[in-house]
Structures are given as C-alpha cells and as structure tokens.
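These notes are about the structure you will find just below.
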Amino acid sequence: MEDTFTGRERSRLRRARESGYLNAACQSHEAIRDAHSFWCWRLRLPVVWFERLSPRSKYGRVQVDLFTTPNVFTRQGEAELLRLACPGSISSHEASWPRVPLGQLEELARLALRATLRPSNCERSESRAARDNAPADNVLPWKIPA
Numbered sequence: 001m002e003d004t005f006t007g008r009e010r011s012r013l014r015r016a017r018e019s020g021y022l023n024a025a026c027q028s029h030e031a032i033r034d035a036h037s038f039w040c041w042r043l044r045l046p047v048v049w050f051e052r053l054s055p056r057s058k059y060g061r062v063q064v065d066l067f068t069t070p071n072v073f074t075r076q077g078e079a080e081l082l083r084l085a086c087p088g089s090i091s092s093h094e095a096s097w098p099r100v101p102l103g104q105l106e107e108l109a110r111l112a113l114r115a116t117l118r119p120s121n122c123e124r125s126e127s128r129a130a131r132d133n134a135p136a137d138n139v140l141p142w143k144i145p146a
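Position 60 of the sequence shown, counting from 1, maps to 60 under the UniProt record's numbering, and the rest follow consecutively.
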C-alpha cells in the first residue's frame, strides 16, 4: 500500500508513526489516512489525524477514532476531551473538532492523543456495555402473571 505513495507522503506517514497523530493536509489525504488507520488498527491504537477544511482555509479539523481499538471513552474521558476545545463533538467511540485555527491543529491533536491514551479515560467496550445494560439494584424484577 505504501509503495504507491511519494517520498513526501511516506515521510508524512513515518512522522505520524513517531508522534502518534497524522497531518493529513496533502493531496492524497484519504489514501494516507487509510494507510495510517490500518497501521493503528494493527497495533490497536486510536487514530488521531488533522487536516485543513479546504486547501487555503485558515481552519482545520481534528478527529479521534477509537474504532481501531477494543475501547470506548469513559464519562471522564469524554469530559476531558470536551474541555480541550469547544465546540467539539464527543461520543463514546470518537471525537471531532470541526473548526480549529491552523496554528492550534497540531497541539490539539497532541493533547487529544495524550488524553485518549490515559488509562482512566478509556475502558473495554464490553465492560461498559455490561454496566449500562445491567439491572439497577433498587428495581425489583417484574413477572408477568400467567
């Protein structure tokens, strides 16, 4: 897959693997994002990337995906990511900030990656599903009369 990339794109991928987040502001941003996502999936790491909104825009977007990991954000993790920058869209599997000034893109991606990798901010998705679907302690079981 990486054989089709130019030298500049391969060095962009190398830097992404060193830092943990991808600067996807290039011509083939979808292909380079796919290659980085595949690498993160193989290592079970979250995918963090940023790019410009348009080629000459003063703003960009930052995206965090946990679909490459078996984890979801905890409530504490969602709150911490929301405190990083507003406005943002945070769910249990992903976070995105759609309109970030260019000068703050890389810093926000770095902070989002650090917050995502903090053990208290993520948990296994099975444990959260079991906890959310468990019956409450103060509810009595109800039986249908025969």
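Glycine residues also receive a C-beta, built at the ideal position from the N, C-alpha and C atoms.
- By the Cβ criterion, the stretch 35-44 is not in contact with the stretch 90-102, since fewer than three pairs of Cβ atoms, one from each stretch, lie closer than 8 angstroms.
- Annotation note: the stretch 17-82 contains the following uninterrupted beta strand (DSSP E) runs of length 3 or greater, listed N- to C-terminal: 47-52, 59-65 and 71-73.
- In the DSSP assignment, residue 95 falls within the beta strand (DSSP E) that extends over 94-101.
- Looking at the backbone, the Cα of residue 49 and that of residue 86 are separated by about 17 angstroms.
- According to the DSSP assignment, residue 124 belongs to the beta strand (DSSP E) that extends over 122-124.
- In this structure, DSSP gives residue 11 a helical state, which the three-state scheme calls helix.
- Rounded to the nearest whole angstrom, the C-alpha separation of residue 54 and residue 26 is 11 angstroms.
- Of the candidates 28, 58, 20 and 19, the residue whose Cα lies closest to the Cα of residue 100 is 58.
- Sequence-distant partners of residue 81 (beyond 5 residues in either direction) whose C-beta falls short of 6 angstroms from its own C-beta, in its chain, are 90, 95 and 115.
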